[in-house]
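These notes concern the structure reproduced below.
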Amino acid sequence: MKNAEIKSLSVDELQEKLAAEQETLQKLAFGHAISPIENPMKIRVSRKTIARLKTQLRAVELTNQKTTK
């Protein structure tokens, strides 16, 4: 997922994507622990996507706090 795509999502969509991506990461990690997966770079990509989603959620949260004060 690109940053531009992430920035265009609403808070609910960000939370849904985050939950789905965390589940995917967990499945990849478990699968890789049992037997090596074909492309271990998928784990890194998934971790970075989670970080991007969390960063955008936090940015939205901070902008909402500033506007309410």
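Counting from 1, one number per residue, gives the positions in the sequence shown under our numbering.
Beta carbons: idealized from backbone N, C-alpha and C, even for Gly.
Check, Outcome
"With distance defined between alpha-carbon atoms, name the residue in Q26, L18 and E38 nearest to A51.", "L18"
"Can you give me the C-alpha to C-alpha distance between T49 and E21, rounded to a whole angstrom?", "8 Å"
"Specify the secondary structure class of I43 as computed by DSSP and reduced to three states.", "helix"
"Look up E38 in the DSSP assignment and say whether it is helix, strand or coil.", "coil"
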